[in-house]
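Student:
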Amino acid sequence: MKNLFAWLALGTLLAGCAQELDEAEPAPSAEPQRAFEWKLVTAWPKNLPALGTAPERLAQSVQAMSGGRFTIKVYAAGELVPAFEVFDAVSQGTAEMGHSAAYYWRGKMPMAAMFATVPFGMNAQETNGWLHYGGGLELWRELYARFGVVPFAAGNSGTQMAGWFNKEINSVEDIQGLKMRIPGFGGEIFQRAGGVAVSLPGSEMFTSLQTGVIDATEWVGPYNDLAFGLQDIAKLYYYPGWHEPSATLEAIVNAEALAALPADLRAMLETACRASNQDMLDEFTARNAAALRTLIEQGVQVRQLPSDVLRRFSELTMDVLREAAGEDDLNRRILDSYQTFLAEVRGYHAISEQAYVNARAAVDG
Ligand code: CA
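Numbering (the working numbering), first residue to last: 255 to 619.
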C-alpha cells in the first residue's frame, strides 16, 4: 500500500512538472543511505566450530553485500548476556539479533522446541522443506510474535550423535537414575524413561561431566564434540541421535529493529540467514567423518543404542509432544502441521532417500 501511494504521488508530481523536468533538481533517493550497526548475541562459546562461526560468517556476508552500510557485531555467550538469556535480550532490544536454538526457550513456550528438533522426527532435508515450503516458518513466527521476536532458520547440524557415556547402555535399566545433559523434548523423554535430564549451556558441559555433576552428555556430533574435548572424559560414543535427528539453529531478530531496516538490507539479512542455514549443514557433512576418525584414533568406542532403549524413547514421544501442545490453539496447529508434513514426506522418502541409502548399503555388502 505504501509503495502504491508513493507511485501515485510520484506520478502526479511527474505529470505536473513534465515541462520543467530539464531544469528540475535531481529527485531525492527513495531511502537515505543510513548505516545500521547491530549487536548479535549468541548461545555459543567464541569461535566454536560451525555453531559459533556461523553467525560470524552471517555478519561478514551482510557487511559485504551492503558495502559496509549494515554491520553486525557478534558476541559469544557471556560476553553481553549469558547463553540462556539470548531470547530475552533480543525481545527487549538489548541486542537487535541473536543466534541460538529454539529448544532453549521451552520454559516460555513449550512448543518452541518443535522448531529446533523433534525426537524421531524429521531429518535436516525434511525440516527445511517443512519450514520453507510447508508452513513451518509462518507458525514459528506466529509463536514468537508476542515477544516481538522474528525467527529465521540459520543453521542445521544434520543428524546428531546420541551422546557420551562412561558406562555401557545395554537396556532401559541402564538409564535409571543416569544424569545426562540433554535438552528439549529429548530431555523430557529421557526423564520419563527413568533418567535425570539436565539443561546446561555448552560452556558448562565439560566441567560438569568431569566433576560428576552429570554422568553423560550429548552435544552435536564428531566435528563439534571433538572441539569440546569430550573424548578426554568419556570414551563411549553412542548413536543414533534419536533426540535430534536434525537440529535447526535460529537467527532471531527484534521485530522493531527488523521493521526499521530498508527493504534492500532486509533482503540481504534474509538471504544471509538462508545461506547460513545450508552452509552449516554442508560444513558438518564435510567435517564430521574426519572428526570421527580422529576420535576413534584417540580411543573412543562407537556404540549403537540397543533397539529396546530406542523403542522405549519412541513410545514416550507422542505423549510428551501432545502434553506440551495442551489445549492451546496455536500449539495444536504447530503439532498438527509438523505431523502431517512428516507423514507425507516419509511416504516419498521411503522410496527415494531411504530406499537409495538402503540400496547403496546392500550392494556394498
Ligand atoms: Ca544436541
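Virtual Cβ for every residue (Gly too), placed ideally from N, Cα, C.
(1) Please list, in chain order, all residues of the same chain as D276 whose beta carbon is under 6 Å from its beta carbon, the five residues on each side excluded.
(2) Got a sec? Which residues, its chain only, sit under 8 Å from R395 by beta carbon, not counting five neighbours each side?
(3) So for M319, helix, strand or coil by DSSP?
(4) Return yes when at least one heavy atom of ligand 1 lies under 7 Å from the C-beta of W298, else no.
(5) Just checking, does the region 559-577 make contact with the region 371-391 on the three C-beta pairs under 8 Å criterion?
(6) Quick check on DSSP: helix, strand or coil for H353?
(7) Bridge partners of L490, per DSSP?
(8) Ignore the nearest five residues each way along the sequence and tell me which others in A481's own chain have a CB closer than 7 Å to its CB.
(9) Where DSSP assigns a beta bridge to R435, which residues make up the other side?
(10) What do you reckon, is the C-beta of E498 under 7 Å from a heavy atom of ligand 1?
(11) According to the neighbour-count rule (16 or more other Cβ atoms, all chains shown, within 10 Å of its Cβ), is D562 buried or exposed?
(12) Cβ of W473 versus every heavy atom of ligand 1: is any distance shorter than 7 Å?
(13) Span of the beta strand (DSSP E) holding P405?
(14) I need the straight-line Cα distance from Y610 to Q379, nearest angstrom please.
(15) What does the alpha-carbon distance come out to for the pair I326 and G352?
(16) Is there at least one non-hydrogen atom of ligand 1 closer than 7 Å to the beta-carbon of Q593?
(17) Report the residue from E498, V554, T571 whose alpha carbon sits nearest the alpha carbon of L490.
(18) Is A501 a contact residue of ligand 1, with contact defined as CB to any heavy atom under 7 Å?
(19) Who are the Cβ neighbours of R587 in its own chain at under 7 Å, not counting the five residues just before and after it?
(20) I'd like to confirm something about Q414: is its beta-carbon nearer than 7 Å to some heavy atom of ligand 1, or not?
(21) If you count every other CB in all the chains shown that lies within 10 Å of the CB of K293, and 16 or more means buried, which is it?
(22) Less than 8 Å separating the beta-carbons of G347 and A511?
(23) Would you call the region 407-425 and the region 305-315 in contact, with 3 or more CB pairs under 8 Å?
(24) Evaluate contact between the region 515-535 and the region 451-470, counting only Cβ atoms and requiring at least three cross-stretch pairs below 8 Å.
(25) Whole angstroms is fine: what's the gap from L515's alpha carbon to K421's?
Tutor: Per the coordinate set shown:
(1) Counting from 1 along the sequence shown, the entry for residue 276 is found at position 22. Note that D276 scores 45 on pLDDT, short of 50, meaning its location in the model is unreliable and no value can be drawn from it.
(2) Here the question's residue 395 lines up with position 141 in the sequence shown. Cβ within range, chain order: V404, P405.
(3) As a position in the sequence shown, residue 319 is number 65, starting the count at 1. The three-state reading of DSSP puts M319 in helix, counting H, G and I together.
(4) Indexing the sequence shown from 1 puts residue 298 at position 44. The answer is no for W298.
(5) At 8 Å Cβ cutoff, the stretches touch.
(6) Translated into the one-based positions of the sequence shown, residue 353 becomes position 99. Residue state for H353 is assigned as strand, using DSSP reduced to three classes.
(7) Your numbering for residue 490 matches position 236 in the sequence shown. BP columns for L490 point to F419, Q555.
(8) Locating residue 481 in the sequence shown gives position 227, counting from the first residue. These residues qualify, in order along the chain: L302, P303.
(9) Along the sequence shown, read from residue 1 onward, the residue named residue 435 stands at position 181. The bridge partners DSSP lists for R435 are V452, T471.
(10) Your numbering for residue 498 matches position 244 in the sequence shown. At least one heavy atom of ligand 1 is found less than 7 Å from the C-beta of E498.
(11) The count along the sequence shown starts at 1 and reaches residue 562 at position 308. Exposed is the call here.
(12) Taking the sequence shown and counting its residues from 1, the one referred to as residue 473 is at position 219. The answer is yes for W473.
(13) For the purposes of this step, residue 405 is taken as the residue at position 151 of the sequence shown. Counting along the chain, the unbroken beta strand (DSSP E) around P405 starts and ends at 403-410.
(14) As a working mapping, residue 610 is identified with position 356 in the sequence shown. As a working mapping, residue 379 is identified with position 125 in the sequence shown. Here the C-alpha atom of Y610 lies approximately 15 Å from the C-alpha atom of Q379.
(15) Here the question's residue 326 lines up with position 72 in the sequence shown. Here the question's residue 352 lines up with position 98 in the sequence shown. Computed Cα separation, rounded: 11 Å.
(16) As a first step, residue 593 is located in the sequence shown; it is residue number 339 there, counting from the start. Because no heavy atom of ligand 1 lies under 7 Å away, the Cβ of Q593 does not count as near it: no.
(17) As a working note, residue 490 is residue 236 in the sequence shown. Of the candidates E498, V554, T571, the residue whose Cα lies closest to the Cα of L490 is V554.
(18) Here residue 501 refers to the residue found at position 247 of the sequence shown. Within 7 Å of the C-beta of A501 there is at least one heavy atom belonging to ligand 1.
(19) By one-based count along the sequence shown, residue 587 stands at place 333. Cβ neighbours of R587 within its own chain (closer than 7 Å, five residues either side excluded): L393.
(20) Locating residue 414 in the sequence shown gives position 160, counting from the first residue. Placement of the Cβ of Q414 at a distance of less than 7 Å from at least one heavy atom of ligand 1 is found.
(21) Residue 293 sits at position 39 when you count from the first residue of the sequence shown. With 16 or more Cβ atoms within 10 Å of its Cβ, K293 is classed as buried.
(22) As a position in the sequence shown, residue 347 is number 93, starting the count at 1. As a position in the sequence shown, residue 511 is number 257, starting the count at 1. It is a contact, given that the beta carbons lie within the stated cut-off.
(23) Using a C-beta cut-off of 8 Å, the region 407-425 makes contact with the region 305-315, since at least three inter-stretch Cβ pairs fall below that distance.
(24) Between the region 515-535 and the region 451-470 there are fewer than three C-beta pairs closer than 8 Å, too few to call the two in contact.
(25) As a first step, residue 515 must be located in the sequence shown, where it is residue number 261. As a first step, residue 421 must be located in the sequence shown, where it is residue number 167. So the two alpha carbons sit approximately 52 Å from each other.
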